[in-house]
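Asks: In this note's numbering, the protein residues as written are 65 to 218.
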Amino acid sequence: MKEPKIQTITVDKKVADQPIVERYKRNNPQADVQIVELTDELKAEMFHRTLNAGKREILLTEKEGHTVKQCPGTDRTYRCCNYHVINQTSNCPIDCTYCILQFYLNNPVTTVYANSDKLLSEVKEKIATRPERFFRIGTGELSDSLAFDGSSEF
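1) Quick check on this structure: which residue in 69, 78, 189, 195 has the alpha carbon closest to the alpha carbon of residue 130?
2) How would you write the range of the beta strand (DSSP E) that residue 200 sits in, first residue to last?
3) Helix, strand or coil for residue 133? Go by DSSP, reduced to three states.
4) Can you tell me whether residue 154 is helix, strand or coil according to DSSP?
5) Where residue 194 and residue 202 are concerned, what is the direct C-alpha to C-alpha distance, given to the nearest angstrom?
6) Does the structure place the segment 143 to 159 close enough to the segment 87 to 102 that three or more beta carbon pairs sit under 8 Å?
7) For the segment 81 to 128, which segments carrying the beta strand (DSSP E) assignment without a break, of at least 3 residues, lie completely within its bounds, in sequence order?
8) If distances are taken between C-alpha atoms only, which option among 119, 128, 171 comes closest to residue 109?
9) Taking the straight line between their C-alpha atoms, what separation do you get for residue 80 and residue 111?
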């Protein structure tokens with residue numbers, strides 16, 4: 065899959081020193097990079113971009129709260145399989161007309177949570193609580209988890 069061309073990389077100054085930011089900049093030399101203080105006003109402005117414009121912009125910011133979560137499941141009538149999800153990215157730069165993310169998420173800009181060290185620490189802590197257990201942890205609930213492999217180098 066050819067990775068979509070990013071035109072703008074907006075970097076929350078809280079994560080400007082994270083290694084993933086440098087990788088995004090290096091792998092997207094055509095992109096305009098802006099390091100900003102991510103205020104509520106700026107978030108609101110980004111929220112009102114068109115879906116088409118949002119597909120070409122990436123916001124690198126800090127994930128607050130837990131990143132690794134138990135799968136929300138469907139219904140109490142189904143048996144839980146103890147699947148966990150990592151929501152490291154929200155939204156997707158690919159414009160698939162059939163994709164539920166186009167309708168489910170209400171922010172056109174793709175957000176990548178750049179504090180990967182926190183995410184990995186959280187995964188290790190989760191596994192350490194039950195070392196005898198096999199954990200199923202997936203990505204892609206709120207994004208296409210492979211869409212930015214070239215940019216993130218993950």
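Glycine included, each C-beta is placed from N, C-alpha and C at the ideal position.
Replies: Taking the structure as given:
1) The shortest C-alpha separation from residue 130 is found at 189.
2) For residue 200, the enclosing beta strand (DSSP E) covers residues 200 to 203.
3) If DSSP states are grouped into helix, strand and coil, residue 133 belongs with the strands.
4) Residue state, collapsed to three classes: strand.
5) Going by the C-alpha atoms only, they are around 18 Å apart.
6) Touching, no, given that fewer than three Cβ pairs across the two stretches are closer than 8 Å.
7) Here the runs fully enclosed are 96 to 100, 121 to 125.
8) That would be 171, whose Cα lies nearest to the Cα of residue 109.
9) As the crow flies, the alpha-carbon of residue 80 is around 21 Å from that of residue 111.
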